[in-house]
Structure formats: C-alpha cells, structure tokens
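**Q** According to this note's numbering, the sequence shown is numbered sequentially starting from 681.
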Amino acid sequence: MWRALLALLAVLVLTAPLATRAAAEPRVALVIGNSKYGGDLPKLANPANDAALMAATLKKLGFKVIIVQDADLNQMKRTIQDFGSALANAGPTAVGLFFYAGHGLQISGENYLIPLKANIQKATDADLEAVSATLILKQMEYAGNALNIIILDACRNNPLSRGMRSAGGGLAKMDAPLGTFIAYSTAPGETATDGSGKNSPYTAALTKAMLTPGIAIEEAFRDARVDVLAATERQQVPWESSSLTGAFTFNPGTKSTQATTELQTASAATTAPAAAAAPAEPVAAAAAPTTPAAHTPAPAAPTSKVKMCQDCPEMITIPAGSFMMGSPSGEDGRQDNEGPQTKVNIRAFSIGKNLVTRAQFAEFVKATGHKPAGRCYADMKGTGKFEVSSAANWMSTGFPQTDRDPVVCISWNDANAYAQWLGDATGKPYRLPSEAEWEYAARAGATGSRTWGEDADEACAYANAADLSAKKKYSGWKVVDCDDGYSYTSPVGKFKPNQFGLYDTLGNAKQMVAGCITDLISELPTDGSVGDEACDAHPLRGSSWESIPPVMRLADRQVVSSNEAGIHMGFRVALGE
681 MWRALLALLA
691 VLVLTAPLAT
701 RAAAEPRVAL
711 VIGNSKYGGD
721 LPKLANPAND
731 AALMAATLKK
741 LGFKVIIVQD
751 ADLNQMKRTI
761 QDFGSALANA
771 GPTAVGLFFY
781 AGHGLQISGE
791 NYLIPLKANI
801 QKATDADLEA
811 VSATLILKQM
821 EYAGNALNII
831 ILDACRNNPL
841 SRGMRSAGGG
851 LAKMDAPLGT
861 FIAYSTAPGE
871 TATDGSGKNS
881 PYTAALTKAM
891 LTPGIAIEEA
901 FRDARVDVLA
911 ATERQQVPWE
921 SSSLTGAFTF
931 NPGTKSTQAT
941 TELQTASAAT
951 TAPAAAAAPA
961 EPVAAAAAPT
971 TPAAHTPAPA
981 APTSKVKMCQ
991 DCPEMITIPA
1001 GSFMMGSPSG
1011 EDGRQDNEGP
1021 QTKVNIRAFS
1031 IGKNLVTRAQ
1041 FAEFVKATGH
1051 KPAGRCYADM
1061 KGTGKFEVSS
1071 AANWMSTGFP
1081 QTDRDPVVCI
1091 SWNDANAYAQ
1101 WLGDATGKPY
1111 RLPSEAEWEY
1121 AARAGATGSR
1131 TWGEDADEAC
1141 AYANAADLSA
1151 KKKYSGWKVV
1161 DCDDGYSYTS
1171 PVGKFKPNQF
1181 GLYDTLGNAK
1191 QMVAGCITDL
1201 ISELPTDGSV
1211 GDEACDAHPL
1221 RGSSWESIPP
1231 VMRLADRQVV
1241 SSNEAGIHMG
1251 FRVALGE
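The following block contains the structure:
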C-alpha cells in the first residue's frame, strides 16, 4: 500500500505544472501587447501574440499574470496601477515582472510606451498621450518588493519620431534601480524587427530560454540573445541592465548536464570567435554590429599533456562594431598620445569579465612552474615611498589581498605566459587584447571620458580609484571626493559593470595589453588588430586604486616595459583569432 501511495505521489510531482513547483517566493506579472494601431502608427503583427505567449509562459513558471492586449491609454494606466497594488500585496519577498510589446518611443532620453489611439504630433504630447516607462519603475518602487524584472520588446521603428528634434529611434538606456533587471529586445537607440512569424524573434527566444530548468536569469537572457543573433543574422543584439544583488531562476528545476550553448553554434549563419571555457555572461551592446565576423574554425582539442584550468576566466563576447578611439582635444587631463581621434573597426571577440585574479594566476604558476617577476614597484613599508623592491612580488605586495583580488606585481611577459597557458590548456586562442579592443570593450558605447559620465567624484560606485580611503594611507594624494571602502585593490566584481558587463575597466588595476605603444592613435591599425609587436614598450590602459582623477579616463594611455611589474598593474585576457 505504501509503495502504491509513493508511486502515485511521484507521478503527481512529475506531472505537476511548473507553476506549482517553480519557486517559493510570490510572483506577479503584468503583460501588455499592443498590435491594432491606427492613424500614423502602423499595425504590428506580433505584439498581441507575444503577450499571449509570454503570459502562458509566466503562468507555467508560477506567476500570477495580468494580461492586457490592444490597450488604450486609460486601460494601460489603470492596469499598471492594479499591478502595483497586486505586487505590494504580495509582500516584500515577491518577484515582479513587467512585459511590454508594441510601439515605443524615446524623447529627450525618456522612454514612452505607446497605447492604441495615441495622438502624438509633437514631443510634449507624449506625456499626455503615452505611458512613461518610469511609471513602471515607480509602481515597483512603491511595492517595495525584493526583485523586479522589466522586459521591453518595444524597439520597433516608430514613424512618430520623424520630424521631432528631441525624439530618436529605438529606446533610451534606463538605469536599473537596486534589485532591478531591465531587458531590451535590442541595443539602446537601435530598432528591432517585428518578425515574419507569429512571434517576434526576441519574445520567441526569451520564452524558450525562461523555461530552461536550473539556469540563472542572466544565463536565460544570454541564451535568448544567442537565438536572436542567429535569427536576425546578427543584426539585432538584445541588451540588459542589471542591479540585482541576489540570484533568481525562472525555472528552478534541475539544470541539464548538457554543455551550455555557446555563441558559436551550428545554427548561426555567421559566428563570433569560439566562446570561453567558462560560460559567457550577458552582452550589453553599445552599438549595432557592423560587418559580421567571419567564421572561425573550432580550435584543436587540448593535448593530454596539459592540465585543463579549473578556474578559467569568465568571458564576455563583444559584438563587432566601430568607434572613435582616443580623446577629443578638449577633454580634461588629455595627453597628446590620445589623439587624433581615429575611427577603428572591431571584429567580434571575447574578453575577460574580470581582471585575472590571484587564485587564477596561482593555478597557472602551480601547473607550469613559471617564475614571475622577482622585483616590483611597491610601498612595502607603507610609508608612501614607492620603489622597485626585490621583496615585493605577486604573493607579497605590501598590503593584504584575497584570492579574488586582481593579481598585481606581475610583468607583461608574465601576463602573456598566462594567456599562452590558457590556450594550451583549453585549445582555444587566448591572448592579451589589442589596445583598440581594450578601449572598445571598456567604453561599451560611451563617448565621454568615463563610462558613467564626466564627474570623477561619482567614481566610487563604478571604480576602485584613489579616494578618501586611499587618502587615509597617503595624505598628500589628490583623490576623488567619495569613499569606495578600499585603500588598495579590491576583489573583482565589487563595483558596477559597464554596459558590456565588464568589471573594473576603470579602477582596481591598470591593464597591460598587446602590441607596442605609439606616439599617436592614428599610428595604430584601424582594424583593431595588434600591429607591431617587436618592442619592449607596451600600452598600459585603464586606471587603478592609486589613480588620480585625470588618469581615471577611458582614453588615458601609459606605457609598461616587458619585464616591469608594479602593485598597480594587472591584466585581463581576450579570446579570438
């Protein structure tokens, strides 16, 4: 009898819908899809279908779903208000999700979701005729719940933007408040396709990824991005902004043991370079890809003589594109070698999400017996007297470090040796990034002096720089007027990432890159490659924990010799031919 009851219970558990076993926390979602536009706004084939598909998917995942299709302004606002109340009633542990498909418009950097019957003839009409995306954020803030997700498949080409000086195509970037994940069907300022099938490429890919058991939210959106890239021939690059501080999984079932899908898939017509040994993280696109990268044949399998790394760097795939390298003549702190600004084209490649850590470098030293630099520029006595010392090395820097701190006191030659070992261990083309690749990835679409803006005193949220903590140790330093809590290096990933999802592009440790330093930016190859490598003077990019504000800029260029080591210098690796 007991066996029969247990067997029946097992059947009930295995056949129960995902909604009954997805998660313990309350889940509330509002889904809106607008298709039947008229007047100046063309009808859209898919948003109502997208809303239906998303609502059905979310119900399977345990969400209490409010769905509205083809809503006018009053319906949208009333439903959003009801959603805010339902989310608040669900309690502080609740997860909220808002999904919108339909026409969207940005005016002066503000995003608007367009209801049916909207009459927008000039920019000022948007406040009266459309729904500001910030209204969603305000409702979520009012609810005070733990985690919120906003998904906008609303970047279709919008004729209302024509003739409006302050309006632009696509949607504008929104900063994600703490505990919020914001996802767009394509990069900020770009437009997405409605698709030729029943659903848009983005919604179709995302709903599929959300149902995958056991993967984190970041991985689900990454997998969706891979499918969208393949479906649109790499012309549409989904993008996310996240300030999540905890883990979330749409479907907490058991994760498949099948290898995680990489960007280089058989279904893609064109592919990026081979993905990293560790799973790729979300790509936040700064610009639409230009010419797709050529297919890179899969590298040979690693030889049995080389031990596979156990702590391989996490890599992020950077889409192809072009940018203006260097700084304009009027930028504060600019040096002559940062100009003239030159347009550089970049092929898709992968780069380390973080600086290489002490633990990762220790694994390399243990596996190879490599002997790193025996002398390092350091302040071993803590007196403010920095000098090259044989007592300083990567294991003894003169200040405490954790295994998750960036490795410093290693040379350019040591960094190259580490990248070579990774290549031998994985059979993949690891290397140091070129100087142009580094700046393109570090900028992630930013055209100013810093990823967050021009104000150096805002650094402490984004970078471990010379700040008030450092001034407690070195009183004479000129520092930013904020406190990041670290006098020296910090564990990687402690500050906000840039829009590509890279951490510490400014701050923590300056980064050694491939190639030779040049007097002018225009002397570098315009295809983003390394160029001349026969030299003993290499570029040093970024800034570190001891960098003063004029140095803490994306265009700053310094130099390092092949054997030079310092407590302010580290590196990250790249991947691709």
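Built from N, CA and C at the ideal position, the CB exists for glycine as well.
Using a Cβ-Cβ cutoff of less than 6 Å, which residues in the same chain neighbour W1132 once the five nearest sequence positions on both sides are dropped?
**A** E1138, Y1142
**Q** Along the chain, which unbroken stretches of the alpha helix (DSSP H) at least 4 residues long are found entirely within the region 1118-1195?
**A** 1148-1153
**Q** Less than 8 Å between the CB atoms is what I'm expecting for M1005 and E1134, so what's the real figure, rounded?
**A** The pair is not a contact, with the Cβ atoms about 19 Å apart (cut-off 8 Å).
**Q** Distance check for P722 and R1252, CA to CA, integer angstroms please.
**A** 47 Å
**Q** Excluding the 5 residues preceding and the 5 following A885 in the sequence, name in chain order all residues of the same chain whose CB lies nearer than 6 Å to its CB.
**A** Contacts found: A904, D907, V908.
**Q** Ignoring anything shorter than 3 residues, give me the beta strand (DSSP E) runs that lie fully in the region 867-933, in order along the chain.
**A** Correct list: 919-922.
**Q** Taking the C-alpha atoms as reference points, what is the distance between K1151 and G1078?
**A** 17 Å
**Q** In whole angstroms, what is the alpha-carbon distance linking V1210 and P1113?
**A** 8 Å
**Q** For Y822, does the count of other Cβ atoms within 10 angstroms reach 16, so buried, or fall short, so exposed?
**A** Y822 counts as exposed, since fewer than 16 other beta carbons sit within 10 angstroms of its beta carbon.
**Q** Could you tell me the boundaries of the beta strand (DSSP E) in which D833 lies?
**A** 827-833
**Q** On a CA-only basis, which of G894, D833, Q761, V1088 is nearest Y864? Give me that one, please.
**A** Ranking the options by Cα distance to Y864, first place goes to D833.
**Q** For a quick check, are the C-beta atoms of F779 and I712 less than 9 Å apart?
**A** yes
**Q** Give a yes or no on whether the C-beta atoms belonging to A1097 and W1074 are separated by under 9 Å.
**A** no
**Q** On the DSSP letters alone, give me the boundaries of the alpha helix (DSSP H) that N791 sits inside.
**A** Where N791 is concerned, there is no enclosing alpha helix (DSSP H), although the beta strand (DSSP E) it sits in stretches over 790-793.
**Q** I'd like the list of long-range same chain contacts for D1059, defined as Cβ closer than 7 Å, with 5 residues on each side in sequence excluded.
**A** Hits under 7 Å: K1065, F1066, G1078.
**Q** Take D752 and list the residues in its own chain whose beta-carbon comes closer than 6 Å to its own, dropping the five residues that flank it on each side.
**A** P795, L796, K797
**Q** Sorted by chain position, which residues of the same chain lie with C-beta nearer than 6 Å to I829's C-beta, five sequence neighbours on each side aside?
**A** L777, F861
**Q** Pick helix, strand or coil for N1073, following the three-state DSSP scheme.
**A** strand
**Q** Please classify K1108 as buried or exposed, where buried requires at least 16 neighbouring CB atoms within 10 angstroms.
**A** buried
**Q** Output the distance between the C-alpha atoms of N879 and F763, rounded to the nearest integer angstrom.
**A** 25 Å
**Q** In the DSSP output, what is E1067 paired with across the bridge?
**A** A1058
**Q** I need the DSSP call for R1111, collapsed to helix, strand or coil.
**A** Strand.
**Q** In the DSSP assignment, find the alpha helix (DSSP H) that holds R758 and state where it starts and stops.
**A** Start and end: 753-770.
**Q** Report all residues from its chain with a CB closer than 7 Å to the CB of I816; omit the five preceding and five following residues, and keep chain order.
**A** So the list reads I760, F778, I830, once near-sequence residues are dropped.
**Q** Would you call the CB atoms of A1189 and S1242 closer than 9 Å?
**A** no
**Q** Helix, strand or coil for A806? Go by DSSP, reduced to three states.
**A** helix
**Q** Measuring straight from C-alpha to C-alpha, what distance separates L1255 and K1046?
**A** Taken atom to atom, the span from the alpha-carbon of L1255 to that of K1046 is near 23 Å.
**Q** Considering F861, what are the terminal residues of the beta strand (DSSP E) in which it resides?
**A** 860-864
**Q** Grouping DSSP H, G and I as helix and E and B as strand, with all else coil, what is Y780?
**A** strand
**Q** Let me check understanding here. Comparing Cα to Cα, which of S1009, T1063, P1080, G1165 lies closest to R1038?
**A** Of S1009, T1063, P1080, G1165, the residue nearest in Cα terms is P1080.
**Q** Whose C-beta lies closer than 8 Å to the C-beta of A896 among residues of the same chain, with five residues either side of it excluded?
**A** When the five nearest sequence neighbours on each side are left out, the beta carbons in the same chain lying within less than 8 Å of the beta carbon of A896 are those of A927, F928, T929, in order along the chain.
**Q** Any beta carbon of chain C sitting closer than 9 Å to that of G933?
**A** Considering every chain present, this structure includes no chain C. It has just one protein chain.
**Q** On the three-state DSSP scale, how would you describe V1088?
**A** coil
**Q** Quick check on the DSSP output: the beta strand (DSSP E) that includes T997 runs from which residue to which?
**A** 995-998
**Q** Where E1226 and A1145 are concerned, what is the direct C-alpha to C-alpha distance, given to the nearest angstrom?
**A** 6 Å
**Q** Could you tell me which of Q1179, R1111, A889, V708 sits nearest to I1031, measuring between CA atoms?
**A** R1111
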